[in-house]
Amino acid sequence: MEKLRLGVVGCGGMAGSHMRGFEYLSDVCTVSAVCDIVEERAKKAAEVTGAGYYTTDYRTMSGYVDCVLVVLPHHLHFESGMYFLGQNKHVLMEKPLCNTDAECVALAEEAEKRGLKLMCAYPVRYWDGIKHMKQLLDSGDYGDIFQMSIWTEQYTDLTGRGWGTTAETLGGGQLFSHGCHYIDLLLWFLGNPVSGVHIGSKKGTPWMDREGNSNVIITFENGAMGYHFGTWGARGTSHGYDFQIFTDTGFFDYKHQDGKLIYKSNLGPGRPPVKETSWQFDDPGKQTHHETRHFLECIINDTKPMTDARSATQGLRVIWRLYEAENNNAVADLRGLGI
């Protein structure tokens with residue numbers, strides 16, 4: 008099989024997470040071109056990845072790539088995405104897909120019209136521990152979910168990174184920029200949302216134009232509830248990245264920093280005093296190579312990405328609707344937001 012030629016657009020901070028994973032993808036792709044507006048960064052990225060071409064203008068890359076990973080500031084996603092789709096290149100777009108609904112829909116429609124893969128980079132779905140937990144729950148052997156809770160607690164001071172602190176270029180606040188990962192995850196595990204509320208705050212994150220701390224509660228058609236708390240202001244944490252699921256037979260807890268998934272069933276009538284099973288995964292870190300492999304294999308096998316443009320847009324519509332309801336001190340109606 009001939010390897011795909013992958014281009015990387017944007018070689019700043021987030022790109023570093025991706026580049027650490029390219030060594031695991033050598034069987035399916037080569038990094039053939041890299042781009043950054045800072046030439047020295049582009050040159051260094053070419054040295055690290057072995058790319059034969061580097062540039063400060065992504066419009067010169069098309070002849071060197073079959074597909075691209077776009078790791079640009081959020082407000083530049085639409086323009087760059089449309090350019091590469093127009094050049095008949097498959098696109099893996101860093102989250103969030105775009106900053107407006109109209110841009111998301113236009114990008115999705117352009118990819119579909121051209122028969123190209125357009126995937127949003129939501130790596131959490133592809134972590135081994137998360138995938139294993141989903142497989143266990145889908146088996147039916149662990150009961151029905153009635154509550155999923157996700158904590159992401161980190162310190163992310165964006166002072167000096169203008170586009171990352173300004174709501175217009177970031178697209179919103181912490182919920183839009185980072186919480187979009189976990190809204191996507193709640194929809195994947197729990198299904199169609201019905202209603203929800205969001206409460207955000209800048210306290211502890213004064214560098215943010217909009218919220219740096221976010222609390223979300225969502226109800227779903229199947230009666231389950233989902234909760235997400237995320238902060239960029241944590242000066243300490245015990246949760247770190249923690250994913251908890253309660254079912255009518257037990258409890259799952261996946262602690263990403265430990266790479267450990269635990270299932271407990273030790274409460275309620277007929278339960279033994281302690282029943283615990285655990286699984287260990289080599290997961291700490293962003294582990295972005297899992298999602299990139301999925302994207303590349305979708306191109307090779309002509310299959311639909313799990314986090315395609317349509318599912319990504321639904322998740323962002325949930326966030327936009329939550330923001331709107333928060334501004335009106337109301338509960339958001341989250342029904343019928345798919346495209």
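Last residue of the sequence shown: number 346 in the working numbering, and the count goes up by one each step with no gaps.
In this text, a Cβ means the ideal position worked out from N, Cα and C, and glycines have one as well.
Nearest residue (CA-CA) to residue i, options the options
i, options, result
"residue 35", "207, 181, 308 and 184", "308"
"residue 233", "139, 224 and 138", "224"
"residue 236", "98, 186 and 213", "186"
"residue 202", "129, 229 and 192", "229"
"residue 17", "200, 83, 9 and 10", "83"
"residue 9", "45, 61 and 33", "33"
"residue 364", "295, 262, 306 and 314", "Nothing can be reported for residue 364: it is not among the residues displayed for the chain, which extend from 8 to 346."
"residue 245", "161, 220, 177 and 311", "161"
"residue 276", "256, 217, 168 and 184", "256"
"residue 249", "258, 48, 263 and 241", "263"
"residue 136", "285, 338, 344 and 337", "285"
"residue 231", "254, 211, 216 and 214", "254"
"residue 241", "265, 14, 213 and 261", "213"
"residue 333", "226, 252 and 218", "218"
"residue 344", "48, 188, 265 and 111", "111"
"residue 211", "258, 163 and 184", "163"
"residue 313", "20, 37, 260 and 130", "130"
"residue 94", "158, 51 and 70", "70"
"residue 216", "174, 193 and 199", "174"
"residue 260", "152, 108 and 301", "152"
"residue 48", "15, 68 and 158", "15"
"residue 12", "57, 50, 19 and 20", "57"
"residue 102", "336, 265, 303 and 298", "298"
"residue 292", "134, 125 and 304", "134"
"residue 341", "167, 65 and 199", "199"
Residue i (DSSP reduced to helix, strand or coil)
i, result
"residue 109", "helix"
"residue 10", "coil"
"residue 129", "coil"
"residue 149", "coil"
"residue 195", "helix"
"residue 337", "coil"
"residue 176", "helix"
"residue 33", "coil"
"residue 214", "coil"
"residue 158", "strand"
"residue 137", "helix"
"residue 190", "helix"
"residue 343", "coil"
"residue 19", "coil"
"residue 219", "coil"
"residue 171", "helix"
Assumed close pair residue i, residue j - CB separation to whole angstroms, cut-off 8 Å
i, j, result
"residue 239", "residue 181", "5 Å"
"residue 190", "residue 346", "Incorrect: roughly 16 Å between the Cβ atoms, too far for contact."
"residue 221", "residue 207", "5 Å"
"residue 351", "residue 155", "Given a span of 8 to 346 for the chain in the structure shown, any question on residue 351 remains unanswerable."
"residue 52", "residue 60", "Wrong, their Cβ atoms sit about 11 Å apart, outside the cutoff."
"residue 99", "residue 114", "Contact doesn't hold; Cβ gap of about 13 Å is too wide."
Contact under 8 Å by Cβ, residue i with residue j
i, j, result
"residue 329", "residue 205", "yes"
"residue 74", "residue 96", "yes"
"residue 106", "residue 139", "no"
"residue 72", "residue 39", "yes"
"residue 121", "residue 195", "no"
"residue 316", "residue 118", "yes"
"residue 287", "residue 311", "no"
"residue 26", "residue 45", "no"
"residue 184", "residue 193", "no"
"residue 172", "residue 165", "yes"
"residue 305", "residue 124", "yes"
"residue 43", "residue 20", "no"
Beta strand (DSSP E) runs contained entirely in the segment 226-259, provided each spans 3 or more residues: Runs found: 232-238 and 248-254.
Runs of 3 residues minimum, wholly inside the segment 52-102: which ones carry the beta strand (DSSP E) assignment? You should have 60-62, 74-77 and 97-101.
Run through the segment 262-331 for me and flag every whole alpha helix (DSSP H) of 4 or more residues, listed as ranges in chain order. For the segment 262-331, whole alpha helix (DSSP H) runs of length 4 or above, ordered along the chain, are 296-308.
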